[in-house]
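Peer 1:
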Amino acid sequence: MTDTLRLTAEEAMGLIERSEASGAELHRAYLDAIGERDGELHAYLTTVEAAEGAGVPIALKDVISTKGVETTAGSKILAGYKPVFDSTVAACCKEAGLPLIGKTNLDEFAMGSSTENSAYGPTRNPWDPERVPGGSSGGSAAAVAGGLAPWALGSDTGGSIKQPAALCGLVGLRPTYGTVSRYGIVAFASSLDQVGPLTKTVRDAAFLYRIIAGRDPLDSTTVDLPEPVELPETEDLKGLRIGVPRELNEAEGIEPGVSEAVQRAIELCRELGAEVGETTLPRSVEFGMPCYYLIAPSEASSNLARYDGVRYGPRSGKGDIREMYMQTRDEGFGDEPKRRIMLGTYALSAGYYDAFYGQAQKVRTVIRDEFAAALEQFDVLISPTSPTVAFPLGAKTENPLAMYLSDVLAIPPNMAGLPGLSIPCGLSEGLPVGLQLIGPQFSENLLFRTGHALERAIGFDFVPERLR
Amino acid sequence: MKWAPVIGLEIHIHLKTKTKMFCRCELEYGAEENSRTCPVCLAHPGTLPVPNARAIEMTILLGHALQCEVVERSVFHRKHYFYPDLPKGYQISQYDQPLCVNGRFALADGSEVGITRAHLEEDAAKNVHMGGSGGRIAGADRTLVDYNRAGTPLVEIVTEPDLRSSEQAKRFLQLLRQTVVELGISDAEMEKGSLRFDVNVSIRPEGSDELRTRTELKNMNSFNFAAKGIEREIKRQIGIYESGGEVEQETLHFDPGNESAPPLRSKEEAQDYRYLPEPDLVPLVPGRELVERLRGELPELPGARIARLADELDTDLAEGLVTSGRDRLFEQVPGERRAVANVLMNQWAATGVDPAAVDADELGKLIEARDRIPRAAFTEALEATGEPGFEAERYLADGQIEATADLEPLVEHVLAANPSQVDDYRGGKEGLLGFFVGQVMKETGGRANPKLVNELLREKLKA
Amino acid sequence: MAITRDEVLHVARLARLALTDEEVERLGSQLSAILEAVGKVAELDLADVEPTSHPLDLANVSADDESRPSLSADEVFANAPDREDDFFRVPPA
Ligand SMILES: [Mg+2]
Ligand SMILES: [Zn+2]
Numbered sequence: 069m070t071d072t073l074r075l076t077a078e079e080a081m082g083l084i085e086r087s088e089a090s091g092a093e094l095h096r097a098y099l100d101a102i103g104e105r106d107g108e109l110h111a112y113l114t115t116v117e118a119a120e121g122a123g124v125p126i127a128l129k130d131v132i133s134t135k136g137v138e139t140t141a142g143s144k145i146l147a148g149y150k151p152v153f154d155s156t157v158a159a160c161c162k163e164a165g166l167p168l169i170g171k172t173n174l175d176e177f178a179m180g181s182s183t184e185n186s187a188y189g190p191t192r193n194p195w196d197p198e199r200v201p202g203g204s205s206g207g208s209a210a211a212v213a214g215g216l217a218p219w220a221l222g223s224d225t226g227g228s229i230k231q232p233a234a235l236c237g238l239v240g241l242r243p244t245y246g247t248v249s250r251y252g253i254v255a256f257a258s259s260l261d262q263v264g265p266l267t268k269t270v271r272d273a274a275f276l277y278r279i280i281a282g283r284d285p286l287d288s289t290t291v292d293l294p295e296p297v298e299l300p301e302t303e304d305l306k307g308l309r310i311g312v313p314r315e316l317n318e319a320e321g322i323e324p325g326v327s328e329a330v331q332r333a334i335e336l337c338r339e340l341g342a343e344v345g346e347t348t349l350p351r352s353v354e355f356g357m358p359c360y361y362l363i364a365p366s367e368a369s370s371n372l373a374r375y376d377g378v379r380y381g382p383r384s385g386k387g388d389i390r391e392m393y394m395q396t397r398d399e400g401f402g403d404e405p406k407r408r409i410m411l412g413t414y415a416l417s418a419g420y421y422d423a424f425y426g427q428a429q430k431v432r433t434v435i436r437d438e439f440a441a442a443l444e445q446f447d448v449l450i451s452p453t454s455p456t457v458a459f460p461l462g463a464k465t466e467n468p469l470a471m472y473l474s475d476v477l478a479i480p481p482n483m484a485g486l487p488g489l490s491i492p493c494g495l496s497e498g499l500p501v502g503l504q505l506i507g508p509q510f511s512e513n514l515l516f517r518t519g520h521a522l523e524r525a526i527g528f529d530f531v532p533e534r535l536r
Numbered sequence: 159m160k161w162a163p164v165i166g167l168e169i170h171i172h173l174k175t176k177t178k179m180f181c182r183c184e185l186e187y188g189a190e191e192n193s194r195t196c197p198v199c200l201a202h203p204g205t206l207p208v209p210n211a212r213a214i215e216m217t218i219l220l221g222h223a224l225q226c227e228v229v230e231r232s233v234f235h236r237k238h239y240f241y242p243d244l245p246k247g248y249q250i251s252q253y254d255q256p257l258c259v260n261g262r263f264a265l266a267d268g269s270e271v272g273i274t275r276a277h278l279e280e281d282a283a284k285n286v287h288m289g290g291s292g293g294r295i296a297g298a299d300r301t302l303v304d305y306n307r308a309g310t311p312l313v314e315i316v317t318e319p320d321l322r323s324s325e326q327a328k329r330f331l332q333l334l335r336q337t338v339v340e341l342g343i344s345d346a347e348m349e350k351g352s353l354r355f356d357v358n359v360s361i362r363p364e365g366s367d368e369l370r371t372r373t374e375l376k377n378m379n380s381f382n383f384a385a386k387g388i389e390r391e392i393k394r395q396i397g398i399y400e401s402g403g404e405v406e407q408e409t410l411h412f413d414p415g416n417e418s419a420p421p422l423r424s425k426e427e428a429q430d431y432r433y434l435p436e437p438d439l440v441p442l443v444p445g446r447e448l449v450e451r452l453r454g455e456l457p458e459l460p461g462a463r464i465a466r467l468a469d470e471l472d473t474d475l476a477e478g479l480v481t482s483g484r485d486r487l488f489e490q491v492p493g494e495r496r497a498v499a500n501v502l503m504n505q506w507a508a509t510g511v512d513p514a515a516v517d518a519d520e521l522g523k524l525i526e527a528r529d530r531i532p533r534a535a536f537t538e539a540l541e542a543t544g545e546p547g548f549e550a551e552r553y554l555a556d557g558q559i560e561a562t563a564d565l566e567p568l569v570e571h572v573l574a575a576n577p578s579q580v581d582d583y584r585g586g587k588e589g590l591l592g593f594f595v596g597q598v599m600k601e602t603g604g605r606a607n608p609k610l611v612n613e614l615l616r617e618k619l620k621a
Numbered sequence: 697m698a699i700t701r702d703e704v705l706h707v708a709r710l711a712r713l714a715l716t717d718e719e720v721e722r723l724g725s726q727l728s729a730i731l732e733a734v735g736k737v738a739e740l741d742l743a744d745v746e747p748t749s750h751p752l753d754l755a756n757v758s759a760d761d762e763s764r765p766s767l768s769a770d771e772v773f774a775n776a777p778d779r780e781d782d783f784f785r786v787p788p789a
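Protein chains in written order, with our numbering: chain A, 69 to 536; chain B, 159 to 621; chain C, 697 to 789.
#1: Curious, which full-length alpha helix (DSSP H) runs of at least 4 residues does the region 455–490 of chain A contain?
#2: For A/Met542, which residues in the same chain have their Cβ closer than 8 Å to its Cβ, ignoring the five residues on either side in sequence?
#3: Go through the region 191–259 of chain B residue by residue and report every complete run of the beta strand (DSSP E) that reaches 3 residues or more, in order.
#4: Taking CB distances under 9 Å as the criterion, tell me whether C/Phe784 reaches chain A.
#5: Name the DSSP bridge partner or partners of A/Ser496?
#6: Under DSSP, the beta strand (DSSP E) around A/Trp219 begins and ends at which residues?
#7: Can C/Ser766 be considered in contact with ligand 2, in the sense that its beta carbon sits closer than 8 Å to one or more heavy atoms?
#8: Give me the Cα-Cα distance between B/Leu456 and B/Leu278, rounded to the nearest whole angstrom.
#9: Are the region 115–132 of chain A and the region 234–247 of chain A touching by the rule of at least three beta carbon pairs closer than 8 Å?
#10: Is B/Lys176 close to chain C? Criterion is C-beta to C-beta, closer than 9 Å.
#11: Rounded to a whole number of angstroms, what is the C-alpha to C-alpha distance between B/Lys609 and B/Asp564?
#12: Residues of the region 231–263 of chain A with a CB closer than 9 Å to any CB of chain B: list them in chain order, please.
#13: Where does B/Asn504 land, buried or exposed, given buried means 16+ other C-beta within 10 angstroms?
#14: State the Cα-Cα distance for the pair A/Val448 and A/Val476, rounded to the nearest angstrom.
#15: Which residues have a Cβ closer than 5 Å to any heavy atom of ligand 4, listed in chain order?
#16: Taking DSSP's pairing of strands, which residues face B/His277 in a bridge?
#17: Please tell me whether A/Leu166 and A/Ala329 are closer than 9 Å, where the distance is taken between their beta carbons.
#18: Once DSSP output is grouped into helix, strand and coil, what is the label at A/Glu346?
#19: Got a sec: which bits of the region 147–160 of chain A sit with their beta carbon under 9 Å from any beta carbon on chain B, in order along the chain?
#20: Using a beta-carbon distance cut-off of less than 7 Å, what residues from the region 246–257 of chain B approach chain A?
#21: Relative to chain A, which residues along the region 427–452 of chain B have a C-beta separation below 7 Å, given in chain order?
#22: In angstroms with no decimal places, state the Cα-to-Cα distance between B/Ala574 and B/Gln597.
#23: For the alpha helix (DSSP H) that contains B/Lys609, what are its first and last residues?
#24: Hey, which residues come within less than 6 Å of ligand 1, measuring from Cβ to any heavy atom, in chain order?
#25: Spatial neighbours of A/Glu323 within its chain, please: CB distance less than 6 Å, with the 5 preceding and 5 following residues excluded, ordered by chain position.
#26: Contact criterion: CB-CB distance below 9 Å. Does C/Glu718 meet it with respect to chain A?
#27: What residues of chain B sit near A/Ser366, judged by a beta carbon separation below 7 Å?
#28: Could you check whether B/Gly166 and B/Asn358 sit closer than 9 Å to each other, using their CB atoms as the reference points?
#29: For the candidate residues A/Glu184, A/Arg374, A/Ala187 and A/Thr172, whose alpha-carbon lies nearest to that of A/Ala210?
#30: Return no unless some Cβ of chain B is closer than 9 Å to the Cβ of A/Val137.
#31: I'd like to know if B/His411 contacts chain A, where contact means its C-beta is closer than 9 Å to some C-beta of that chain.
#32: Between C/Arg779, C/Arg722 and C/Asn775, which has its C-alpha nearest A/Gly136's C-alpha?
#33: Name the one or two DSSP bridge partners that A/Lys406 has.
See the structure below:
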């Protein structure tokens, strides 16, 4: 019997290569595990009974369009919507022979940090079902951590891969903007959205990134990778310069247990041969959040204009077209999308553009420049991924601003289009702590190498304690 | 007081690309509803635009023709509003950084119209309003949407308010239309909606250079209606000022049917388009090499040809020949220039014959002889100028074979001598008719009445 | 930065959201709080700074004018809430 909780994707590849298991058998094993544990976790919105492919099965966040398989983005406004086309990343997975296990739960339209904003109910953290798995890719994270998928894809706009990876004890890569196609990914904020892997090991993340990365003629904002994806092998960090940005490590709200775990990891970097030094990002952390909460909602208000009940999705309202729009959108969108649509519409409306969106784009330049300066001195920057470990369900749902702070450390590098890798670096109060590694654009190979060496040295057990 | 009109135009032209602006659905006018659509132009979740390279080139080419500067960097914006013809809830359009700016366009009368900008955007879908009277918006009980047109590449040309009369506006539009047709970038057919324009009209006391409140006339569907609409709007505004009122800024929908212009949109419904730089697209930075190559591809433009012809003709005639696409033929037809021009613009124009099918020398002979033959015979001859093998001689000499009895045996002879062509014709290659006509003409030394030959051939070939 | 009830209603109309009274109240106060927080960007004097609309410095991405197959009618209308013949049908516009 396959131990889906412990099996890594790389090990699963080995089973298939040695003919010890087929893609179909593995697919079955994960469906069985879902039958057993997903009643509690609710990681999945849809499962696929019979899927094609001889490779390692995969779970996809429900913003990733899959031909013929319902894709809702966690919203009622897309209830029943079955795409007639595959997103490019779904097509890449098919081409690589990865059978689709199912579509995972998320905050509606990827807007949130706890997966409580799903119109279909929250997902729970496999380490502690009373707590959130993070978000918005909480379903993908819970599926992998809970042994319901060997690996999964999520999407990250303002931390939605890195933060749930941290809260669920997983590896999560938010790739360099433009390296993974957004074609067919239900859009949240176009200049920030990026799909990436959630896995148990850094090598698994590299394997999966290799499958999905590269220029796509259907996405004008993609580029070819400057160098092929390498699977990390080295177990030391000799010759590497690691920078510790003061503001990212000393931000208000970072829990002591989180700080301690990250400090230990920084010490380990030294032991592994890296040169470690302090650096600074004076304005990136302080202004990163406000900048993000102008740019993302503005773009979201625009991207969500297409949900109008005309060509797809449910429709409500009697009377004329205007009433149909207003009712369909009022009933179809949940609280968080409405908040962001309102905020974004306001920020873009006549007379406010320069003060809000325009100014935020300039702040983005400031953040970019600060990171560029820090990354001239250092190869990789390091910080906690999330200021806290997984928090209890309902703890922040009444206060949007408190919820937003959950991504305060994940957001700044995103604004600069930089890749970020979150790896687990220990426990605090029995819950996983995530370590964020940030590099220059297209430095995924370097992040994998760094993450892999640290992962070996840390020896984190990714199977949730209560399930061992 | 004497009033002077101030007129500016906004013209939308469909580009004649094979595919849409941001997806690769084929453009086909009159195709089955919604059969030229894909996830991108239906705005399915997650779909993204990819600009059409040819449309960008065509816009630059037009920019050259309008003597515009082609900018070094242009970006697309999203323009938001909700309407079922707009699948994404926004139109992708160049807003504050259009591809072509600061041009000018010379009219036949020597005046120049400033071109503020020419930018690229996408067209909306087609709405059909059902249940009201005559497909009108008012009273409709439902609207049907066909997205085939959604995403058609569109160039919007905005002029400075440099036009001073409805007649001048009409001439501007005619010359512009001919220019884009000759550039090969658009069919510019108003019936198909591939050329549409809005007119901005204001008036001011003659001699003054103030700019007063303007109104916008939308949905003009012919040059003549536009001229009429402008005239009427000028009168209306004069009436308002002379009775002590103020013109209100509004958009008027011109309805040629009942000759009225009811307001379309009032001020309180003013749009807030929430422009946003399109994050799914990257900037256009046209390479100087491309820009210069396209400049080299410019043919001699209609405006230049009018100027050249106006030396030997009067301006009106020169303009008429060029904007009707007959000036190339004019230049080939020998004979007294003014006479040739007049015939081409009048009697010959009425025949509807395609200028490209005409033997210029033969037409010249015919025109030269116009006063020596009966009017009816001349007209008949002009109508035949498009026939293959047309020879003026046959119409000038007496003795045209007019009798069915004389022609019938000849027609039968020709058919009998060409059995395989007959089979092909009956198999559907009806273009062969011209071949048979030519053969009969040859047999008769061109003396057969072509109309009669045509009729006889059709009849015999039917059997 | 407080947002007035009228502004909330205006923005909701622009965004085509038919908010209930309760939503107008709640969203109004939440938006005020969020706007207060994000308004912080105004503290920076960035008059001479170029905006970043894109993390990558790309330009001139386009495709050749070669057609690709469109969808079949079945696919076009697979998710349509309403249809009449080969049109999408909506309430009167
Ligand atoms: Mg326009
Ligand atoms: Zn299309």
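All C-beta atoms, glycine included, are put in the ideal place defined by N, C-alpha and C.
Peer 2: From the atom records:
#1: 468–472 and 479–483
#2: With chain A running from 69 to 536 in the structure shown, residue 542 of chain A is simply not present.
#3: 234–238 and 248–252
#4: Within the third sequence, the letter at position 88 stands for residue 784 of chain C. It does; some Cβ of chain A falls within 9 Å.
#5: As a first step, residue 496 of chain A is located in the first sequence; it is residue number 428 there, counting from the start. In DSSP, A/Ser496 forms a bridge with A/Leu499.
#6: Taking the first sequence and counting its residues from 1, one reaches residue 219 of chain A at position 151. Looking at the DSSP string, A/Trp219 is not in any beta strand (DSSP E), and its letter there is neither H nor E.
#7: For the purposes of this step, residue 766 of chain C is identified with residue 70 of the third sequence, where counting begins at 1. Yes, the Cβ of C/Ser766 comes within 8 Å of a heavy atom of ligand 2.
#8: Here residue 456 of chain B refers to the residue found at position 298 when the second sequence is read from its first residue. Here residue 278 of chain B refers to the residue found at position 120 when the second sequence is read from its first residue. Those two C-alpha atoms are separated by around 19 Å.
#9: no
#10: For the purposes of this step, residue 176 of chain B is taken as residue 18 along the second sequence, with counting starting at 1. By this cut-off, B/Lys176 is an interface position.
#11: By one-based count along the second sequence, residue 609 of chain B stands at place 451. By one-based count along the second sequence, residue 564 of chain B stands at place 406. Distance between the alpha carbons of B/Lys609 and B/Asp564: 14 Å.
#12: Ser249, Arg250, Tyr251, Gly252, Ile253, Val254, Ala255, Ala257, Ser258, Ser259 and Leu260
#13: The residue labelled residue 504 of chain B in the question sits at position 346 within the second sequence. By the neighbour-count rule (16 or more Cβ atoms within 10 Å), B/Asn504 is not buried but exposed.
#14: Translated into positions along the first sequence, residue 448 of chain A becomes position 380. Translated into positions along the first sequence, residue 476 of chain A becomes position 408. Using only the alpha carbons, I get a separation of about 19 Å.
#15: Summarising the ligand content, the structure contains ligand 1 and ligand 2 and does not contain ligand 4.
#16: As a first step, residue 277 of chain B is located in the second sequence; it is residue number 119 there, counting from the start. DSSP lists B/Glu314 as partners of B/His277.
#17: Start at 1 with the first residue of the first sequence, and residue 166 of chain A comes out as number 98. Start at 1 with the first residue of the first sequence, and residue 329 of chain A comes out as number 261. No, they are not a contact pair.
#18: Residue numbering aside, residue 346 of chain A sits at position 278 when the first sequence is read from its first letter. Of the three classes helix, strand and coil, the one that applies to A/Glu346 here is strand, per DSSP.
#19: Tyr149, Pro151, Val152, Phe153 and Ser155
#20: Lys246, Gly247 and Tyr248
#21: Asp430, Arg432, Leu434, Pro437, Asp438, Leu439 and Val440
#22: In the second sequence, residue 574 of chain B corresponds to position 416, counting from 1. In the second sequence, residue 597 of chain B corresponds to position 439, counting from 1. The straight-line gap from Cα to Cα measures roughly 12 Å.
#23: Counted from its first residue, the second sequence places residue 609 of chain B at position 451. Pro608 to Lys620 is the span of the alpha helix (DSSP H), which, as asked, contains B/Lys609.
#24: B/Ser251, B/Glu279 and B/Glu314
#25: For the purposes of this step, residue 323 of chain A is taken as residue 255 along the first sequence, with counting starting at 1. Thr456, listed in sequence order.
#26: Indexing the third sequence from 1 puts residue 718 of chain C at position 22. Not one chain A Cβ lies under 9 Å of C/Glu718.
#27: On the first sequence, position 298 is the one that residue 366 of chain A refers to. Those are Leu434, listed as they occur along chain B.
#28: As a working mapping, residue 358 of chain B is identified with position 200 in the second sequence. As a working mapping, residue 166 of chain B is identified with position 8 in the second sequence. Yes; because the gap between Cβ atoms is below 9 Å, this pair is in contact.
#29: Sequence index remark: in the first sequence, residue 210 of chain A carries index 142 (1-based). A/Ala210 has its Cα closest to that of A/Thr172, out of A/Glu184, A/Arg374, A/Ala187 and A/Thr172.
#30: Taking the first residue of the first sequence as 1, we reach residue 137 of chain A at position 69. No, because no Cβ of chain B sits closer than 9 Å to the Cβ of A/Val137.
#31: Numbered from 1 along the second sequence, position 253 holds the residue referred to as residue 411 of chain B. Chain A, which has no Cβ nearer than 9 Å to the Cβ of B/His411, makes this no.
#32: Start at 1 with the first residue of the first sequence, and residue 136 of chain A comes out as number 68. Of the candidates C/Arg779, C/Arg722 and C/Asn775, the one whose C-alpha sits nearest the C-alpha of A/Gly136 is C/Asn775.
#33: What you label residue 406 of chain A is simply residue 338 of the first sequence in a count that begins at 1. Partner(s): none; A/Lys406 has no beta bridge.
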